[in-house]
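**Q** This is the structure I want to talk about, given as structure tokens.
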Amino acid sequence: MCGSRWVFLSSNLQNYSNISKRVLEAREELVCVQARLFTSPVDEDLCTEEKLLVQKYIELRNAEESFIKQRSRVKWLALGDWGPQHEIFSPEAMHSQSQDTIVSFQNDAGVILEDPGEVKCDILAYYQCCWVPLLLTK
Numbered sequence: 002m003c004g005s006r007w008v009f010l011s012s013n014l015q016n017y018s019n020i021s022k023r024v025l026e027a028r029e030e031l032v033c034v035q036a037r038l039f040t041s042p043v044d045e046d047l048c049t050e051e052k053l054l055v056q057k058y059i060e061l062r063n064a065e066e067s068f069i070k071q072r073s074r075v076k077w078l079a080l081g082d083w084g085p086q087h088e089i090f091s092p093e094a095m096h097s098q099s100q101d102t103i104v105s106f107q108n109d110a111g112v113i114l115e116d117p118g119e120v121k122c123d124i125l126a127y128y129q130c131c132w133v134p135l136l137l138t139k
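Structure (structure tokens):
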């Protein structure tokens with residue numbers, strides 16, 4: 002039993018050690034490759050590398066989310082179950098959630114869009130202009 006406990010602890014150390022730092026590093030790698038891919042969108046090696054980095058980033062983000070949920074659950078239990086009228090959210094979870102939201106967007110004309118519908122339409126129009134010509138040439 003002691004040996005299996007060590008395997009479990011060692012697995013947790015590998016999966017959750019410096020998880021936030023590893024997520025940031027994976028995101029930086031992904032952004033760097035995506036910037037290179039933007040300049041040469043037909044490079045197959047960059048496309049493959051981007052797919053692998055996206056998978057790595059998603060796995061690390063899920064591990065980070067799991068770690069934060071577990072830690073907040075421990076804090077919740079330490080504070081006692083107060084019920085829904087006393088909502089307690091960890092700052093890490095709130096920060097993670099705020100990173101996943103586009104609040105405003107500046108388009109090519111320099112206009113700042115804050116309406117979610119306008120942001121969505123402008124982003125879709127941008128990528129349609131970028132990718133449709135490439136798809137038509139194939």
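If you count by my numbering, then the sequence shown holds residues 2 to 139, one letter each, in order. Even glycine gets a Cβ: it sits at the ideal position worked out from N, Cα and C.
Can you tell me whether Val24 is buried or exposed, with buried defined as 16 or more other CB within 10 angstroms of its CB?
**A** Buried, because 16 or more other Cβ atoms sit within 10 Å of the Cβ of Val24.
**Q** Can you have a look at Glu141 and say buried or exposed, based on whether 16 or more other CB atoms are within 10 angstroms of its CB?
**A** In the structure as shown, the chain begins at 2 and stops at 139. Residue 141 is therefore absent and cannot be evaluated.
**Q** Looking at Ile20 and Leu61, is the spacing between their C-beta atoms short of 8 Å?
**A** Yes; because the gap between Cβ atoms is below 8 Å, this pair is in contact.
**Q** Check whether the Cβ atoms of Glu51 and Gln35 sit closer than 8 Å, and answer yes or no.
**A** Result yes, Cβ atoms of Glu51 and Gln35 sit closer than 8 Å.
**Q** Which value, in whole angstroms, describes the spacing of the CA atoms of Thr40 and Ala79?
**A** Those two C-alpha atoms are separated by around 51 Å.
**Q** Quick one: what's Phe106 bridged to in DSSP?
**A** DSSP lists Leu114 as partners of Phe106.
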